[in-house]
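See below for the structure under consideration.
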Amino acid sequence: DAGVIQSPRHEVTEMGQEVTLRCKPISGHNSLFWYRQTMMRGLELLIYFNNNVPIDDSGMPEDRFSAKMPNASFSTLKIQPSEPRDSAVYFCASRVTGGSGYTFGSGTRLTVV
Amino acid sequence: QQQVKQSPQSLIVQKGGIPIINCAYENTAFDYFPWYQQFPGKGPALLIAIRPDVSEKKEGRFTISFNKSAKQFSLHIMDSQPGDSATYFCAATLGGATNKLIFGTGTLLAVQP
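First to last, the sequence lines map onto chains A and B.
According to the numbering used here, the residues represented by the first sequence are 38 to 150, in order.
According to the numbering used here, the residues represented by the second sequence are 88 to 200, in order.
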């Protein structure tokens, strides 16, 4: 099992540009979560999906952020337009719905200059 | 009420010492309390977890102590090693199918040789 796969590992972009982060969950896991990690705010849940359906997006900071899960094996988190304060490490995690164990990807380190 | 408060923010111990990390919560609906370990450049990984119907759980050198009446739980690392140096997060989940994971703020542990 390759685990949760995120791409890219690092992204540097200019303010105002669109950024798309990608995630492939573990096969058979039907819940997917996007987290953001910063020194100031720690690990924040942005949005999560059950069976490809967004359940709770209350953590999405602004309308500039959007997430999709078109199928069970792929999700994207998009920021448009990006701002320097969006700089953080973004993690994707997956688990079996109703199960306890979350598996995290290695994250995408986003730097907006 | 959905917060999980974690302390200390950082901790330095000598090899063989027993670092203790503490967490407290308010919401009695939380029903699962995992600890995650995160190394630099990696995503958090599940270390050990406990449910509120038990007061202690041990896995290898890692022990969770749980005090339901005080709404507190702690992680003890026996015979700590330099390889245990990492950031540790406590977390809690609400009951039901959503299992949204709420993280503490993290403790940076350094085990000196």
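In this text, a Cβ means the ideal position worked out from N, Cα and C, and glycines have one as well.
| Asked | Found |
| --- | --- |
| Whether A/Thr-148 touches A/Val-49 by CB criterion (7 Å) | yes |
| Helix, strand or coil at A/Pro-45 according to DSSP, with G and I counted as helix | coil |
| Endpoints, the beta strand (DSSP E) within which A/Asn-89 is located | A/Asn-89 -> no beta strand (DSSP E), and no H or E assigned at all. |
| Extent of the continuous beta strand (DSSP E) to which A/Gln-117 belongs | From DSSP, A/Gln-117 is part of no beta strand (DSSP E); its letter is neither H nor E. |
| Start and end residues, beta strand (DSSP E) containing B/Ile-135 | 132-137 |
| Residue span of the beta strand (DSSP E) that contains B/Tyr-112, given as start and end | 107-112 |
| 8 Å Cβ cut-off: residues of chain B touching A/Pro-143 | The residue you asked about is not Pro; residue 143 of chain A is Ser in the sequence shown. The answer, in chain order, is Gly-128, Lys-129 and Gly-130. |
| Distance, B/Ser-172 Cα to B/Gln-200 Cα | A small correction: the amino acid at residue 200 of chain B is Pro; Gln does not occupy that position in the sequence shown. Whole-angstrom Cα-Cα distance: 11 Å. |
| Beta-bridge partners of B/Tyr-175, as assigned by DSSP | B/Gln-124 and B/Thr-194 |
| Bridge partners - B/Ser-97, DSSP secondary structure assignment | B/Leu-195 |
| Chain-ordered neighbours of A/Gly-79 on chain B, where CB pairs are closer than 7 Å | Phe-190, Thr-192 and Gly-193 |
| Chain B contact residues for A/Phe-128, given Cβ-Cβ distances below 7 Å | Gly-130 |
| Under 8 Å (Cβ pairs) to chain B, residues found in the region 84-117 of chain A | Tyr-85, Asn-87, Ile-92 and Asp-93 |
| C-beta neighbour in chain B for A/Gly-65, strict 7 Å | no |
| Local Cβ density within 10 Å of B/Ser-97, reported as buried at 16 or more and exposed below that | exposed |
| Buried or exposed by the 16-neighbour rule on C-beta atoms within 10 Å, applied to A/Met-76 | exposed |
| Where the region 155-175 of chain B meets chain A: residues whose CB sits under 8 Å from a CB there | none |
| Bounding residues of the beta strand (DSSP E) (the contiguous stretch that carries A/Met-106) | 102-108 |
| Stretch pair the region 106-113 of chain B + the region 112-126 of chain A: three plus CB contacts closer than 8 Å | no |
| Spatial neighbours of B/Pro-106 in its chain, beta-carbon cut-off 6 Å, leaving aside the 5 residues before and after | Leu-98, Val-100, Ile-164, Ser-167 and Leu-196 |
| Within chain A, partners of B/Lys-187 - CB distance below 9 Å | Phe-70, Leu-82, Tyr-85, Ile-92 and Asp-93 |
| 6 Å Cβ shell around A/Ser-68 - same chain, five flanking residues per side excluded | Asn-87, Arg-132 and Thr-134 |
| Spatial distance of B/Lys-144 from B/Lys-155 (CA atoms) | 14 Å |
| C-beta neighbour in chain A for B/Leu-196, strict 7 Å | no |
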